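Structure record follows, encoded as structure tokens.
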Amino acid sequence: MPADPRASRRAPAGAAVLREDITEAIRLAVLEELAAHGYGRMSIEAVARRAGVGKTAVYRRWPSKLRLVIDVVSAVAVQDVAIPDTGTLRGDVRDLLGKIARALRDPLATQIVPDLLAEAARNPDIARTLEAALRDTQQSVVTEVLGNAAARGELPAGADADLALDLITGPLYWRLAVARTTLPADYLDDLAAATTAALTAPRTTRDG
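According to the numbering used here, the sequence shown is numbered sequentially starting from 1.
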């Protein structure tokens with residue numbers, strides 16, 4: 001009897017299927033382990049135990065601790081990065097500041113970000129991942145915000161996206177991830193106003 005031609009098109013079953021709920025449990029366990037113990041002391045065994053799965057479930061999805069952390073951190077970094085569209089540059093900057101502040105206030109982030117920044121100084125793979133996942137993603141959002149502001153006539157075309165990103169994210173990273181101080185009630189509004197003033201100020205030319 002000839003083989004059923006549909007057999008090769010059947011979806012895999014049983015162990016061949018990666019269950020999404022298990023994948024998400026592992027991702028959450030990674031974040032919790034990073035927050036509790038840091039990258040250096042984190043182990044696949046501890047992640048599996050916290051997720052309530054066997055080590056094989058982790059290794060079937062990620063070949064190493066480094067790849068696991070890179071994937072999880074990258075996925076978290078690109079969350080909640082919708083382009084703000086408030087109708088003004090100041091409103092868009094304030095929206096971005098609010099999102100960044102919420103992310104950095106997250107209890108997991110307050111533990112994970114400083115640890116990964118320290119680890120990045122020793123591990124080129126983590127350094128490259130943080131740059132791609134954090135800075136590059138945020139820079140694309142800022143570039144879009146500047147482009148929209150230019151289209152409205154608030155900024156000249158070709159505004160410096162690197163400078164804008166530093167002005168928007170730098171103070172918050174310093175206060176929330178490094179100094180870990182509480183933000184005053186009007187801080188984000190004041191920072192949005194100051195950042196917008198800096199971005200819209202006339203460019204000066206330097207001699208030499």
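Even for Gly, the Cβ is constructed at its ideal location relative to N, Cα and C. In this text, all values refer to a predicted model and were calculated from it rather than measured experimentally.
Own chain, CB closer than 6 Å to residue i, minus 5 neighbours either side, in chain order
i	result
Thr129	Ile70
Gly208	With a pLDDT of only 47 at Gly208, under 50, the local geometry of the prediction cannot be trusted, and no value is derived from it.
Leu89	Ala149, Glu154, Thr196
Neighbourhood of residue i by C-beta distance below 7 Å, restricted to the same chain and skipping five residues each side
i	result
Ala201	none
Arg10	For Arg10, the predicted structure reports a pLDDT of 48, less than 50, and the residue's modelled location is therefore unreliable. A value from the coordinates is still provided. Around Arg10: no qualifying Cβ.
Leu146	Leu155, Ala159, Ala161, Ala164
Gly52	Ala25
Glu72	Per the sequence shown, the amino acid found at residue 72 is Val instead of Glu. The answer, listed in chain order, is Arg27, Val30, Leu31.
Reference residue i; option with closest CA among the options
i	options	result
Ile112	Leu18, Ala29, Val17	Ala29
Pro156	Ala75, Arg203, Arg105	Arg203
Asp186	Ala103, Gly40, Arg152, Leu97	Leu97
Asp85	Ala149, Leu191, Asp136	Ala149
Thr195	Arg27, Asp92, Met42	Asp92
Arg152	Ala51, Thr23, Gly87	Gly87
Val178	Leu116, Arg135, Ser140	Leu116
Cβ pair residue i, residue j closer than 8 Å
i	j	result
Ala118	Val142	no
Ala35	Ala48	no
Ala101	Leu167	no
Arg61	Ile26	yes
Leu66	Asp125	yes
Ala192	Arg94	yes
Ala109	Ala120	no
Terminal residues of the alpha helix (DSSP H) in which residue i lies
i	result
Thr88	Unbroken run through Thr88: none, as it is neither H nor E.
Tyr173	Here Tyr173 belongs to no alpha helix (DSSP H), and DSSP marks it neither H nor E.
Val141	137–151
Leu18	Where Leu18 is concerned, there is no enclosing alpha helix (DSSP H), given that its DSSP letter is neither H nor E.
Val113	107–120
Any non-hydrogen atom of the ligand MG closer than 7 Å to residue i Cβ
i	result
Ala151	Within the structure as shown, the ligand MG is missing, as the structure has no ligands at all.
Close Cβ partners of residue i (< 8 Å) along its chain, the five nearest in sequence each way excluded
i	result
Thr181	Arg175
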